[in-house]
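Enquirer:
Protein chains: 2
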Amino acid sequence: MAFSFRLLATDGVARCGEFVTPHGPVRTPAFMPVGTQATVKGLAPETVRATGADILLGNTYHLMLRPGAERIAELGGLHRFMRWPHAILTDSGGFQVMSLAGLRRIEERCVIFRSHLDGATVELSPERAVEIQSLLGADIAMQLDECVRLPAPRIDLERAMQLSLRWAERSRRAFESGAKNGRALFGIVQGGDDPPLRLASARGLIDLGFEGYALGGLAVGESPEVMRAMIDVTAPALPADRPRYLMGVGTPEDILEAVARGIDMFDCVMPTRNGRHGVAFTRFGAVNLKNARHADDPRPLDEENKFPAARDYSRAYLHHLVKSNESLGAVLLSAINLAYYQQLTAAIRAAIAERRFAEFRAEIAEQWAKGDLPLR
Amino acid sequence: MAFSFRLLATDGVARCGEFVTPHGPVRTPAFMPVGTQATVKGLAPETVRATGADILLGNTYHLMLRPGAERIAELGGLHRFMRWPHAILTDSGGFQVMSLAGLRRIEERCVIFRSHLDGATVELSPERAVEIQSLLGADIAMQLDECVRLPAPRIDLERAMQLSLRWAERSRRAFESGAKNGRALFGIVQGGDDPPLRLASARGLIDLGFEGYALGGLAVGESPEVMRAMIDVTAPALPADRPRYLMGVGTPEDILEAVARGIDMFDCVMPTRNGRHGVAFTRFGAVNLKNARHADDPRPLDEENKFPAARDYSRAYLHHLVKSNESLGAVLLSAINLAYYQQLTAAIRAAIAERRFAEFRAEIAEQWAKGDLPLR
Numbered sequence: 058m059a060f061s062f063r064l065l066a067t068d069g070v071a072r073c074g075e076f077v078t079p080h081g082p083v084r085t086p087a088f089m090p091v092g093t094q095a096t097v098k099g100l101a102p103e104t105v106r107a108t109g110a111d112i113l114l115g116n117t118y119h120l121m122l123r124p125g126a127e128r129i130a131e132l133g134g135l136h137r138f139m140r141w142p143h144a145i146l147t148d149s150g151g152f153q154v155m156s157l158a159g160l161r162r163i164e165e166r167c168v169i170f171r172s173h174l175d176g177a178t179v180e181l182s183p184e185r186a187v188e189i190q191s192l193l194g195a196d197i198a199m200q201l202d203e204c205v206r207l208p209a210p211r212i213d214l215e216r217a218m219q220l221s222l223r224w225a226e227r228s229r230r231a232f233e234s235g236a237k238n239g240r241a242l243f244g245i246v247q248g249g250d251d252p253p254l255r256l257a258s259a260r261g262l263i264d265l266g267f268e269g270y271a272l273g274g275l276a277v278g279e280s281p282e283v284m285r286a287m288i289d290v291t292a293p294a295l296p297a298d299r300p301r302y303l304m305g306v307g308t309p310e311d312i313l314e315a316v317a318r319g320i321d322m323f324d325c326v327m328p329t330r331n332g333r334h335g336v337a338f339t340r341f342g343a344v345n346l347k348n349a350r351h352a353d354d355p356r357p358l359d360e361e362n363k364f365p366a367a368r369d370y371s372r373a374y375l376h377h378l379v380k381s382n383e384s385l386g387a388v389l390l391s392a393i394n395l396a397y398y399q400q401l402t403a404a405i406r407a408a409i410a411e412r413r414f415a416e417f418r419a420e421i422a423e424q425w426a427k428g429d430l431p432l433r
Numbered sequence: 058m059a060f061s062f063r064l065l066a067t068d069g070v071a072r073c074g075e076f077v078t079p080h081g082p083v084r085t086p087a088f089m090p091v092g093t094q095a096t097v098k099g100l101a102p103e104t105v106r107a108t109g110a111d112i113l114l115g116n117t118y119h120l121m122l123r124p125g126a127e128r129i130a131e132l133g134g135l136h137r138f139m140r141w142p143h144a145i146l147t148d149s150g151g152f153q154v155m156s157l158a159g160l161r162r163i164e165e166r167c168v169i170f171r172s173h174l175d176g177a178t179v180e181l182s183p184e185r186a187v188e189i190q191s192l193l194g195a196d197i198a199m200q201l202d203e204c205v206r207l208p209a210p211r212i213d214l215e216r217a218m219q220l221s222l223r224w225a226e227r228s229r230r231a232f233e234s235g236a237k238n239g240r241a242l243f244g245i246v247q248g249g250d251d252p253p254l255r256l257a258s259a260r261g262l263i264d265l266g267f268e269g270y271a272l273g274g275l276a277v278g279e280s281p282e283v284m285r286a287m288i289d290v291t292a293p294a295l296p297a298d299r300p301r302y303l304m305g306v307g308t309p310e311d312i313l314e315a316v317a318r319g320i321d322m323f324d325c326v327m328p329t330r331n332g333r334h335g336v337a338f339t340r341f342g343a344v345n346l347k348n349a350r351h352a353d354d355p356r357p358l359d360e361e362n363k364f365p366a367a368r369d370y371s372r373a374y375l376h377h378l379v380k381s382n383e384s385l386g387a388v389l390l391s392a393i394n395l396a397y398y399q400q401l402t403a404a405i406r407a408a409i410a411e412r413r414f415a416e417f418r419a420e421i422a423e424q425w426a427k428g429d430l431p432l433r
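Those sequence lines, one after another, are chains F and H.
Using the numbering used here, read the first sequence as starting at 58 and increasing by one per residue.
Using the numbering used here, read the second sequence as starting at 58 and increasing by one per residue.
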């Protein structure tokens, strides 16, 4: 069974669809919770599923260092290890090598870095990144790429894009030589904030042929306008019959804007990280539960929310947990935020299917602009 | 409806029974998870219930300081605040004043201390302790007492015991003057490691009349032998028709030993605190998941355990979570440990009902002595 993506509806440039993986279908636009170290922080897998997620993201960089890809394979793969029987996408490790590892050196053959855990010298080549993701059992693997923080000189962007393209070719070859079993490999468009580089990258990847295409090197320091412009340049150059994944994005607003530009997939630590820091996402926008205005408020975050924790716990209680540094606060708010992201993508899918995405965008922007409930 | 306790069976000195509270029945011997700051750390209340708990313990000292007793009352009481619709016992704050507060001074009228949160000077009298617990809506309130760390000179033990007895009388009076609504107030036997003081304390409390009697001032530095000797002295002096609560205890072995000496109720942070530190309790005894022996072990902690987390996650995964400081490790191990404590008390109740408690004690001691599963 080959990986397949089908579009179910389009509305302008916005798309809704579905792809099928060996671990079940994924509805798009899709938001993937981040399960960095084989866990979405603080949440049991049943809770993550209950938020509505079809797929989550695992981090190759973290898992290769601890507990190790061969060990996870020996234990039956990442799905079994973390008890998540649904789809998993793993990144290639390139982004974390840039952001976490010490003393890294990029060579043609591979990237060499020091582990942030124990300082050990580790090599990661495109072939090894594919192998690791295969050992993990990822339904969707990502090619190894070089991601450059913005702003950066064009010469650096071009060099990284060309290297990423050569690594894409090696990744594709390594992937093709293994047993695919319905798994997919996505290529990653690089090129920073330079439209011609982005287009050259996209064309090069399309020539190689991937099951899906990601936009990498965004949400790395550029303005929202630049990010949107890069999507506007790149998305139309990608094949319509393959999913398009905007890596590491973003706020609820970013997601709406990117869907409006033809993006199908997202991942971001924002819902869980903000949850750990006392911030909830609801249809009222971002609500800071540290704020003393909540201390005596018996109302839930959103009484109309179908996710139990958003509806059943009082703001006063959530405020108390956050102020008291109680881990249940992080647990509940992480789940509430993931549920909101899933509610948002589900509503986006419905709006596209009914060809009212523009109205939906306007309605939701108006709702967010109103802000949180007034004080009682 | 008055608080009532009935014995269902006895086997030697060991008892099993049940008491009824305004928030449901509690089977004894009972273990109460500790919900210090209106939360059992990291666990949603449904999870705590799923471990088998009928009742949990809340801490007056913490809750009076944050978020405040009047605030919780305004929000509908502690049950509603923390979404635990079952029975709650609150301590009186005396123990935490001793162990956590700064610069405390004990006077006849009250204890005066500095809050560990903001350094504010706070007074806690026996009457205020009863009032706070009433505002919280505790099904079982505890009298304010003075708890002395062991070892201590007899003169200090006697002074604290006599003060606790006078405070018991004032607590009783305050409790009687309020609306009881089926709620209970327990007296606390003090007297350190001195048998005559323990007996004098018990007699004084019985003269006042309480719905239940606690043994306080134990598990505060004395040996297990001294603790057991004090139970041996005190329990027979207490009325058979009232529950007996050994405060702050203990290990699974402590619980078995205390039940064998006529104790009905327990609370302890051990299952949750040890869970946060990577130690699991199972029928194999305490298992340290930090140990590298678990890193490649696909077996669950205990494949015969009915609690899902103890049966479904591999030791390798739990080891990984603990080594990676992932909060899900603390969450899962806390729940697994609470479930084990509940399984233990349930098995104790069944053994007493079938009058085979002595055999049960021997069997379980043998099982614990075998230790954890051998390496594969």
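Where is the CB? At the ideal position from N, CA and C, for every residue including glycine.
Nothing here was measured: the structure is a model prediction, and the numbers come from that model.
Give the DSSP bridge partners of SER61/H, in chain order.
Expert: VAL77/H
Enquirer: Would TYR118/F and ALA158/F qualify as a contact pair, given that the criterion is a beta-carbon distance under 9 angstroms?
Expert: When the beta-carbon positions are compared, TYR118/F and ALA158/F come within less than 9 angstroms of each other.
Enquirer: For a contact defined as C-beta to C-beta under 8 angstroms, what are the partners of MET139/F on chain H?
Expert: TYR374
Enquirer: Give the secondary structure of LEU181/F by DSSP, where H, G and I count as helix, E and B as strand, and everything else as coil.
Expert: Look at LEU181/F here: in three-state DSSP terms it is strand.
Enquirer: Which residues of the stretch 58 to 70 of chain H have a Cβ closer than 8 angstroms to any Cβ of chain F? Give them in chain order.
Expert: none
Enquirer: Judging by CA-CA distance, which residue of MET199/F, PHE60/F, ASP68/F is the nearest neighbour of VAL316/F?
Expert: ASP68/F
Enquirer: Could you work out which residue in ALA408/F, PRO300/F, VAL326/F is closest to SER61/F when comparing CA atoms only?
Expert: PRO300/F
Enquirer: List the residues of chain F that GLU383/H touches, going by C-beta distances under 7 angstroms, in chain order.
Expert: Here the neighbours are GLN94, THR96, LYS98.
Enquirer: Determine whether the beta carbon atoms of HIS376/F and ALA352/F lie at a separation below 9 angstroms.
Expert: Inclusion of HIS376/F and ALA352/F in the CB contact set at 9 angstroms is warranted, their separation being smaller than that value.
Enquirer: Please list, in chain order, the chain F residues whose beta carbon lies closer than 7 angstroms to that of GLU131/H.
Expert: ASP353
Enquirer: Does any residue of chain H have a CB that is nearer than 9 angstroms to the CB of LEU430/F?
Expert: False, the Cβ-Cβ gap to chain H never drops below 9 angstroms.
Enquirer: Return the chain-ordered list of same chain residues with a C-beta closer than 6 angstroms to the C-beta of ALA66/H, the five sequence neighbours on each side being excluded.
Expert: CYS73, ILE409, ALA410
Enquirer: For ASP369/H, return the contacting residues in chain F, with the cut-off set at a CB-CB distance below 8 angstroms.
Expert: Correct list: ARG140.
Enquirer: For ASN348/H and GLY335/H, what's the separation of their Cα atoms in angstroms?
Expert: 9 angstroms
Enquirer: So the candidates are ALA422/F, ARG372/F, GLU383/F; which of them puts its Cα closest to the Cα of ILE129/H?
Expert: ARG372/F
Enquirer: For ILE212/F, does the count of other Cβ atoms within 10 angstroms reach 16, so buried, or fall short, so exposed?
Expert: exposed
Enquirer: Can you check whether the C-beta of LEU378/F is within less than 9 angstroms of a C-beta belonging to chain H?
Expert: yes
Enquirer: By how many angstroms is the C-alpha of ASP359/H removed from the C-alpha of ALA294/F?
Expert: Each residue's Cα considered, the two are about 54 angstroms apart.
Enquirer: State the CB to CB distance for the pair ILE245/H and GLY269/H, rounded to an integer number of angstroms; the pair is presumed to be in contact (CB under 8 angstroms).
Expert: At roughly 10 angstroms, the Cβ-Cβ gap does not stay under 8 angstroms, so ILE245/H and GLY269/H are not in contact.
Enquirer: Considering only residues of the same chain and omitting the five flanking positions on each side of LEU192/F, which have a CB-CB separation below 7 angstroms?
Expert: ALA126, GLU127, ILE129, ALA130
Enquirer: Using a threshold of 9 angstroms, state whether the C-beta atoms of SER228/H and ALA186/H are closer than that.
Expert: yes
Enquirer: Is the stretch 79 to 89 of chain F close to the stretch 131 to 151 of chain F, with three or more CB pairs under 8 angstroms?
Expert: Touching, per the Cβ criterion.
Enquirer: In angstroms with no decimal places, state the Cα-to-Cα distance between ALA343/H and PHE364/H.
Expert: 17 angstroms
Enquirer: Using only alpha-carbon positions, find the residue among ILE320/H, PHE341/H, ARG368/H that is nearest to THR402/H.
Expert: ILE320/H
Enquirer: Pull up the DSSP beta-bridge partners for ARG162/F, would you.
Expert: ILE169/F
Enquirer: Just verifying my parser: in three-state terms, what is the DSSP assignment at PRO142/F?
Expert: It is coil, neither helix nor strand.
Enquirer: Applying a beta-carbon distance threshold of less than 9 angstroms, which residues of chain F neighbour PRO357/H?
Expert: Ordered by position in chain F, no residue passes the 9 angstroms Cβ test against PRO357/H, which lies about 11 angstroms from the chain.
Enquirer: Taking just the CA atoms, how far does PRO210/F sit from ALA387/H?
Expert: 45 angstroms
Enquirer: With a Cβ-Cβ cutoff of 9 angstroms, do LEU33/F and GLY109/F count as a contact?
Expert: Since the displayed chain F opens at 58 and closes at 433, residue 33/F lies outside it and no answer follows.
Enquirer: Where does PHE152/H fall in DSSP's three states?
Expert: PHE152/H: helix per DSSP, three-state reduction.
Enquirer: Just the C-alpha distance for ALA286/F and GLY261/F, rounded to the nearest angstrom, thanks.
Expert: 20 angstroms
Enquirer: Does the beta-carbon of GLN424/H have 16 or more other beta-carbons within 10 angstroms, so that it is buried, or is it exposed?
Expert: Exposed: under 16 other Cβ atoms inside 10 Å.
Enquirer: Ignore the nearest five residues each way along the sequence and tell me which others in ARG318/H's own chain have a CB closer than 7 angstroms to its CB.
Expert: The residues are VAL70, ARG285, ILE288, ASP289, ALA292.
Enquirer: Can you give me the C-alpha to C-alpha distance between ASN382/H and ASN345/H, rounded to a whole angstrom?
Expert: 14 angstroms
Enquirer: Return the chain-ordered list of same chain residues with a C-beta closer than 8 angstroms to the C-beta of CYS167/F, the five sequence neighbours on each side being excluded.
Expert: GLU180, LEU181, SER182, PRO183, ARG185
Enquirer: Is it right to say PRO90/H is buried, meaning 16 or more other beta carbons lie within 10 angstroms of its own, or is it exposed?
Expert: buried
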